[in-house]
Structure formats: C-alpha cells, structure tokens
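Working notes, structure below.
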Amino acid sequence: MQPADRKFPKAGKQVFDSIEISMQRQTGMRLLVVNCIVLLFSNLPAQPLTLSLDEMFRLADQHSKSIRLHDLAIREAEQGVRIAKNDRLPSIQAQLDLNYIGDGVMTDRNFSNGIHADMPHFGNTFVLKASQVIYAGGAINRNINRSKLQQKEAELEYVRNRQDIRFMLTGYYLDLFQLNNQKRVYENNIAQTQLLVKDMRASYRQGTALKSDITRYELQLQSLELQLTSVKDKIDVLSHRLATTIGLEPDVAIQPDTTELFRLTVEKRDEAEWIREIPLTPSVRLADVKIEQEKNRIELLRAEKRPRISLHAANDLNGPILIEVPPLNNNFSYWYAGVGISYNLDALFKNGKKLKQARLSALKMEEARKLAVEETGNSIHEAYVNLNEAYIRLRTQKKSVQLAHENFNIVRQRYVNGLALITDMLDASNTQLDMELQLANYQIGILYQYYLLKKLTGNL
C-alpha cells in the first residue's frame, strides 16, 4: 500500500495540471469571445429613442443638474426658516470649569516680606443660566419673515430655471424635428437628382444630351450630399445635447415624436389673454418678492431702535471660597432671577442713514418690477405678432411648394423634349429645394412662437 500511495500523488499532480491547463485555455477562449462580442456591439450605431416633449420634461426634472441645484437651494432656504424660528425658544446655557489652584503668596505693597499661603488645590465652577426674550421690537418675527421670503425667492428661481430648461429643450427638440425634415428633403432631392442623372446618361448615349449637362447635375448631387452630411452632423450634436441634459447616455440618438408634434394644438388666444397673465410670470413674482424683502429690511432697522426685554434665571456653584483669608475649602451656591432690558443707543444716530438707503432700495425694486412688467409685455406682443405671421407664412409657403413642384415637373418635361436648357433645370430644382426647406422651417416657427408665449407667461 505504501509504494502505491507514494506514486499516486505524482500521477494525480499530472492529471490536475492537465485539467488546469485545459480550463485556462477554455477561460481564455471565453474571454476572447466575450471581448469580440463587446467590440462588435460597441461599433454598432446608437439605437434611436423616440421621446415626446412631456417625456423629456419629466426626465429633465429628474436628472437636470441645474434643476437639482435649485432644488437644493429650496431645501437650504427651508432649513433657514427653521433656524430663524429657533429664536423664539428659550436660551439655556450650562458651564462647568475644573481648575487646579496653586498656593498663594502674600507680600507688602513693595513686594517684600513674602508669606507663603496654603490654598485648596481643587477648584470648580458650575453655572446654569436660562433666558427668554419676551420683546425684541419685532426683530425675531422680521428675521423669520426674511427667511420665508428667501425660501419663496428660491422657489421662484426654481420655477424660472425649470421654465428656461424646458424652453431650451423645446428649442432643441423643434430644431431636431426641423433638421430631420431637412434631412428627408435632401434625401428626396438626392434620389430625384440621381434619377435625373440616370435619365441624362441614357439620353447622352442616344446623343440627345450633352456631357456638360450630366457634369453639372453630378456637381449638384455632390453638393446635396455634402449638405445632407452637414444636417446629419447637426442632428448628432443636438441629440447629444438633449441626451446629456435629460440624463441619458450621450450616444443615445433621440428622435422627436412626429405623431405627437402633429397632434399638438396651438391655443387660439388673443393678445389680451396672454397679457393678463403677466402678474403670474416668474420674473414679475420675483420682483414682488424683492420688494417685500426690502420692506422687511426697513422694519428690521426700525426694530433695532426699540428696547429688548428678556426674562432670565441662573444658578452659580463655586468652590473653594478664595475671598476669605484663609481660604475656605467649601462650595458656595446662589441663584437669581429677573428681567433684563437692553437698548442699542448707536441705532439712534446710525440707523437713520440705513433706513434712507433701505427706502431707496425699495423704490429701486418697485421700478425694477415695472420694468419687468414692461419687458414681459413687449416680449409677449412680439411673440404674438410673430405667431400670427408664422401662420400667414405657412399658408403662403404651402402654395409656393405646390407651385415649385409643378414648375419642376414642367421644366423637366420640357428639358426631356429639348425645349429647356440645363440651367432651367438647375433653377427649378434649386427653387423646389428652397421652398421645401422653408416649409419645414415655417411649420416649426408656429410651434416655437407658441411655446415662447407659454414660457414668457410661466406656463411651459
């Protein structure tokens, strides 16, 4: 048994070594396969993701860094209100001191005839004091009100920032929709031009077309393909911006929900209805908060001219008693309670200038509110006029596109019959392209001006 036992480990080691080598090879093959799969899928183009405007707004509310920053500012202001309310609570202080007291020395006034004096070496002091402000001239309530106004300001800044983010996303979204329309127009024109070049080559082989005509249209085809590449690049840039803003991966290709866009209805409202919403806009409401803050500041300055009255009670425990000679190694405790009145005399001759400055600042905030109302009204009027103009442009452009298509078909038929020049074909083709691109722009122009009105009134 012993010889067999001695040989078994060596044979077993060889078997296990071969198994380990085989497993390492299999693991290496698996890793190679996985890496190849990852490399293959990483080179695939990004899958398009179709989003509606409302879906983008929800994602932005959850993931936008700017919105999260303003949300933190609101929570910070809420905590400031809680801190300001703490001034209404009583103040309680406790103090404990433990000391080592060295021996004393007593001398004459000329520091001669020194006498050593033994002292108790352990000293202790314990003070417990409570106070409650019962009148501060309104300063406590004004400080709380100031914190509440700061909270309200933070909330309005949040609303205004969210409106700005949403309008920016809307602009990107509509631009993306417009660029996709341009892409479709260029692709259709490229396909049309390729077909025309094919027909020209057939006519050239029959001797009814010139080589220069084919060359000129091939040059136009190259130009169209270059413009199509430029549009695709712009789509990629806008999609990247949208994705990063709403918290998606940068390589996600966002596609506008065209069915949702075409279903959008633009409210038929007159200008007076939009104007009536000016007092509810974030900019005007912020101006109102600024005015309230300045008025509150004036009341705070007035409160400094009033006395401050508080109740207080305390208990002191000290030891040893060092005022006796020799010192007494005892504790001495006493308590007291009373009313305290304090008055800041400096406020009598310093706060007058501060009050004047605060009143001027309040007047400035009132003028700033008037300016905000005026600027918002002007912006609403401009957007409303542009919206009506966009409707007129769209109706006119639809007719122009129809006429451009008819003109192109007529010129093409005349060119095939040898009754038109290649320059006529080029002009007709370029006119058709321009009309189709402008139509896409005017369709987006209506939605843009409508969403601008909603943003100006804080309803986006």
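Each residue of the sequence shown is one higher than the last, beginning at 22 in the working numbering. Cβ coordinates follow ideal geometry from the N, Cα and C atoms, glycine included. On a predicted model such as this, the values are computed, not experimentally measured, just so you know.
- Spatial neighbours of Ile88 in its own chain (CB-CB distance under 8 Å, excluding positions within 5 residues in sequence) are listed in chain order as Ala81, Asp82, Tyr179, Asn182, Arg183, Ile186.
- For Val154, the uninterrupted beta strand (DSSP E) run begins and ends at 143 to 156, by DSSP.
- Assignment of Ile136 by DSSP, reduced to helix, strand and coil, places it in the strand class.
- With three or more CB-CB distances shorter than 8 Å, the segment 321 to 333 counts as touching the segment 371 to 379.
- With distances taken between CA atoms, Ile122 lies nearest to Gly340 out of Ser112, Gly340, Gln172.
- The segment 397 to 408 and the segment 298 to 307 touch, with three or more beta-carbon pairs separated by less than 8 Å.
- When C-beta atoms of the segment 159 to 167 are compared with those of the segment 452 to 465, fewer than three pairs fall below 8 Å, so the two segments do not count as touching.
- Per DSSP, reduced to three states, the secondary structure at Arg109 is helical.
- Straight-line spacing of the CA atoms in Leu447 and Val218 works out to 12 Å.
- Per the Cβ contact rule, the segment 461 to 477 is in contact with the segment 411 to 419 (3 or more Cβ pairs under 8 Å).
- The C-beta of Ser251 has fewer than 16 other C-beta atoms within 10 Å across all chains shown, which makes the residue exposed.
- With respect to Ser331, Val154 sits close: the two C-beta atoms are nearer than 8 Å.
- Rounded to the nearest whole angstrom, the C-alpha separation of Leu384 and Tyr194 is 41 Å.
- A residue is called buried once 16 or more other Cβ atoms fall within 10 Å of its Cβ, and Asp254, having fewer, is exposed.
- Residue range 160 to 226 is occupied by the alpha helix (DSSP H) that includes Gln215.
- Burial is judged here by how many other beta carbons sit within 10 angstroms of a residue's own beta carbon; Tyr156 has fewer than 16 and is exposed.
- The DSSP-derived three-state label of Val252 is helix.
- Between Ala358 and Lys150, the C-beta gap is not smaller than 8 Å, which leaves the two residues out of contact.
- Excluding residues up to 5 positions away in sequence, Asp118, Asn339 lie with their Cβ nearer than 6 Å to the Cβ of Thr146 in the same chain.
- When the beta-carbon positions are compared, Leu200 and Val310 stay at least 8 Å from each other.
- In this structure, the beta-carbon distance from Ser85 to Ile275 does not fall below 8 Å.
- Take Asn407, set aside five residues on each side of it, and the residues of its chain with a beta-carbon closer than 7 Å to its own are Gln470, in chain order.
- Burial of Gly479 is indicated by the presence of at least 16 other C-beta atoms within 10 angstroms of its C-beta.
- Sixteen is the threshold: when 16 or more other Cβ atoms of the shown chains lie within 10 Å of the Cβ of Asn202, as they do, the residue is buried.
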